[in-house]
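Remarks on the structure that follows.
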Amino acid sequence: MEMLPEQRELVKHMQGKPFVLLGINSDRDRSVLKEKFEKEQITWPNIIGGEPRKNEICRKWNVRGFPTLFVLDHEGKIFKRGYLSHDEVAKAAEELVAKAPR
């Protein structure tokens with residue numbers, strides 16, 4: 005949750021560019037998540053999956069805890085992965101957007 009203000013800022017800054025922020029949530033209760041999304045102004049797509057060991061996406065991507073961040077290129081290949089700072093994510097996103105085909 006502490007990263008949300010920076011994530012909102014990044015989504016706003018990247019609007020209109022070939023960029024998508026996708027969240028993966030470990031919470032199971034959709035009604036709680038819906039309230040959280042509304043309260044925190046989370047407008048980007050999110051996958052709701054329960055705990056990492058039981059979530060297929062988390063298993064395939066080797067997510068062992070949250071937050072784990074991935075920066076993917078326009079082909080879906082992992083460019084950066086891990087517990088990344090806002091500056092690392094923003095820099096990687098800008099670099100990839102500049103390289104993305106138009």
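Residue 5 is where the sequence shown starts when you use the working numbering, and the numbers rise one by one after that. Glycine residues also receive a C-beta, built at the ideal position from the N, C-alpha and C atoms. Just so it is clear, the structure is predicted and the values come from calculations on it, not from any experiment.
Backbone secondary structure at residue i - three-state DSSP
| i | result |
| --- | --- |
| Lys84 | strand |
| Ile61 | helix |
| Val15 | helix |
| Val93 | helix |
| Val67 | coil |
C-alpha distance - residue i paired with residue j, whole-angstrom precision
| i | j | result |
| --- | --- | --- |
| Ile51 | Ile28 | 5 Å |
| Leu14 | Leu8 | 10 Å |
| Val93 | Glu99 | 10 Å |
| Ala97 | Arg63 | 24 Å |
| Ala104 | Phe70 | 28 Å |
| Lys95 | Val36 | 32 Å |
Beta carbon of residue i nearer than 9 Å to that of residue j
| i | j | result |
| --- | --- | --- |
| Val75 | Leu88 | yes |
| Trp48 | Leu73 | no |
| Lys30 | Asn59 | Here residue 30 turns out to be Ser, not Lys, going by the sequence shown. Cβ atoms of Ser30 and Asn59: closer than 9 Å. |
| Gln11 | Ile46 | yes |
Identity of the residues DSSP links to residue i by a beta bridge
| i | result |
| --- | --- |
| Val75 | Lys84 |
I'd like the ranges of any alpha helix (DSSP H) spanning at least 4 consecutive residues and lying wholly in the region 19-44. Counting whole runs of 4 or more residues, the region 19-44 contains the alpha helix (DSSP H) stretches 34-44.
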